[in-house]
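Trainee:
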Amino acid sequence: MEIQWFGTATIKITEGNTALLFDPFISMNPQVQHTSIEDYSGTTDIFITHGHFDHILNVFDVWKLNKSTIYCSTQVADVLLRQGISAQDIRIINHGQVVSIPPLIVKIYKGQHIRFDFPLIIKTLSSLRILKNFDKFLQLLSLNKKMPMGSVFAYEIINQNKNVLHFGSLNYSAHTEYPYKPSMLTLPFQGRDDITTYATEFVKKFRPHALFLHHFDDTFPPLSSAVDTTKFIEEITRLFPDISVILPQYGISYKV
5 MEIQWFGTAT
15 IKITEGNTAL
25 LFDPFISMNP
35 QVQHTSIEDY
45 SGTTDIFITH
55 GHFDHILNVF
65 DVWKLNKSTI
75 YCSTQVADVL
85 LRQGISAQDI
95 RIINHGQVVS
105 IPPLIVKIYK
115 GQHIRFDFPL
125 IIKTLSSLRI
135 LKNFDKFLQL
145 LSLNKKMPMG
155 SVFAYEIINQ
165 NKNVLHFGSL
175 NYSAHTEYPY
185 KPSMLTLPFQ
195 GRDDITTYAT
205 EFVKKFRPHA
215 LFLHHFDDTF
225 PPLSSAVDTT
235 KFIEEITRLF
245 PDISVILPQY
255 GISYKV
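For the sequence shown, this note's numbering begins at 5 and goes up steadily by one.
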C-alpha cells in the first residue's frame, strides 16, 4: 500500500489497480505547486471527509476523467449532483459502515472538524493579505456558503496487516472508538494558532507507528497560510522517537 500527497488535504492511497483519492482540491495559489488533473488518472474511488470547498472543489474534474465512484455525505452529494455528477456514481455513506474495494477495506468513522482558536481567527482576519485581496476573500466566502461542511468522516484504510487512519481535519469525535496505534496516521496540520501543542496531543491519543503530515500548505489565500512544521516535528521526535514522521514531498509515493 502506497500513499501520496497532492497538496492541501488531497491524499491518494494505492494498492495494485485500486486507487483511492481523498478530498481532491487543486491549489488556487499560483505560487504553490499545482496538480494536473492527469495526475489523478486511474483513480477508482473518491472519498470525502467533509464538504468544505478545499476538500471537494475538484471532485467533478476527477470524476469526469475517470468516472470514479464517489463516497460522501448527503450534504456533499447534493452539491455534486448540482455540478452534474451522475447519481449512479455517488454512494451516500455514514459512520459505522465498511466498504470493500479489493484488495482494500475502508472503515468509516464519525469525525469532527477542528475548532479554530480565537488568536488564529484574529490573526487571519486582520492580516494585510485580506485587505489586499478582498475580492478573493469574498469569493472564498461565497464558495464556503455554496459548499457546506456537512457530516465529517475519518477513514481507516486496511490492506492485510497494514492500516492508515486518515483525518481531513485535525479533530476527532470524543465518543468514537478509533483504531489505536495504526500503521500510519495522516495529520492535517492547519487550523490553530497553538498547532504544535494541539497536534502533539492528537498524536498522544493515537500513537501511530508513522505520522504523515498534510494540509500545511498555502493553497487558498488569503484565508490559508503556510504552516511551519519544524517545532512540531522536533517535539514529536523528542517525545516519541519510535514514531517516524513524514513531511511529504508533493506527489512522491511513500510505503505504508
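Heads up, the beta-carbon is just placed ideally off N, CA and C, and yes, glycines get one too.
At which residues does the alpha helix (DSSP H) containing R86 begin and terminate?
Mentor: 78 to 87 is the span of the alpha helix (DSSP H), which, as asked, contains R86.
Trainee: Let me know if Y184 comes out buried or exposed under the rule of 16 or more other beta-carbons within 10 Å of its beta-carbon.
Mentor: Label assigned to Y184: exposed.
Trainee: Is the segment 18 to 37 touching the segment 219 to 233 in the sense that three or more CB pairs, one from each, lie closer than 8 Å?
Mentor: Yes, since at least three Cβ pairs between the segment 219 to 233 and the segment 18 to 37 fall closer than 8 Å, the two stretches touch.
Trainee: Is D58 buried or exposed, if buried means 16 or more other CB atoms sit within 10 Å of its CB?
Mentor: Buried: at least 16 other Cβ atoms inside 10 Å.
Trainee: From V83 to R242, what does the alpha carbon distance come to, in whole angstroms?
Mentor: Cα-Cα distance, rounded: 44 Å.
Trainee: Is the CB-CB distance between L169 and F193 below 8 Å?
Mentor: Not closer than 8 Å, so no.
Trainee: For N175, count neighbouring Cβ atoms within 10 angstroms of its own Cβ and tell me buried if that reaches 16, exposed if not.
Mentor: Counting Cβ neighbours within 10 Å, N175 comes out buried, since at least 16 surround it.
Trainee: Hey, how far is the Cα of F141 from the Cα of N165?
Mentor: So the two alpha carbons sit approximately 45 Å from each other.
Trainee: Using three-state DSSP, classify F171 as helix, strand or coil.
Mentor: The answer is coil: DSSP assigns F171 none of H, G, I, E or B.
Trainee: Label G20 either buried or exposed according to how many other C-beta atoms from any shown protein chain fall within 10 Å of its C-beta, with 16 as the threshold for buried.
Mentor: Exposed is the call here.
Trainee: My parser needs the alpha helix (DSSP H) runs of 4 or more residues fully inside the segment 28 to 103; what are they?
Mentor: Whole alpha helix (DSSP H) segments, 4+ residues: 57 to 60, 63 to 70, 78 to 87.
Trainee: When you compare the segment 128 to 138 with the segment 87 to 98, are there three or more beta-carbon pairs, one atom per stretch, that lie closer than 8 Å?
Mentor: In short, these stretches do not touch, since the Cβ pair count stays below three.
Trainee: Note down, in chain order, each residue of its chain lying with its Cβ closer than 6 Å to the Cβ of T22, except the 5 sequence neighbours on either side.
Mentor: Contacts found: T48, I105, L108.
Trainee: Which residue marks the beginning of the alpha helix (DSSP H) containing P123, and which one marks its end?
Mentor: Looking at the DSSP string, the run of the alpha helix (DSSP H) that includes P123 is 122 to 129.
Trainee: Given a threshold of 16 other Cβ atoms within 10 Å of its Cβ, counted over all protein chains shown, does D198 qualify as buried or as exposed?
Mentor: Label assigned to D198: exposed.
Trainee: From R86 to K16, what does the alpha carbon distance come to, in whole angstroms?
Mentor: Rounded to the nearest angstrom, the two C-alpha atoms are 25 Å apart.
Trainee: Where does L251 fall in DSSP's three states?
Mentor: Residue state, collapsed to three classes: coil.
Trainee: Nearest-angstrom Cα distance between H179 and T78?
Mentor: Computed Cα separation, rounded: 22 Å.
Trainee: Run through the segment 203 to 244 for me and flag every whole beta strand (DSSP E) of 3 or more residues, listed as ranges in chain order.
Mentor: Here the runs fully enclosed are 214 to 218.
Trainee: DSSP on K149, reduced to helix/strand/coil?
Mentor: Note: K149 maps to helix in three-state DSSP.
Trainee: Between Q37 and the rest of its own chain, which residues show a CB-CB distance below 6 Å, the 5 nearest in sequence each way excluded?
Mentor: Cβ within range, chain order: Y254.
Trainee: Considering only the beta carbon of each residue, do F171 and L191 sit closer than 8 Å?
Mentor: Contact: yes.
Trainee: Does the distance from the CB of M153 to the CB of V260 come in under 8 Å?
Mentor: Going by C-beta atoms, M153 is not nearer than 8 Å to V260.
Trainee: If you reduce the DSSP assignment to three classes, tell me which class Q164 lands in.
Mentor: If DSSP states are grouped into helix, strand and coil, Q164 belongs with coil.
Trainee: Just curious, the beta strand (DSSP E) that K111 is in, first and last residue?
Mentor: Note, K111: beta strand (DSSP E), 108 to 114.
Trainee: Pull up the DSSP beta-bridge partners for Y176, would you.
Mentor: According to DSSP, which records beta bridges pairwise, Y176 is partnered with G115.
Trainee: Following the continuous beta strand (DSSP E) through K16, name the residue where it begins and the one where it ends.
Mentor: Segment 15 to 19, the beta strand (DSSP E) holding K16.
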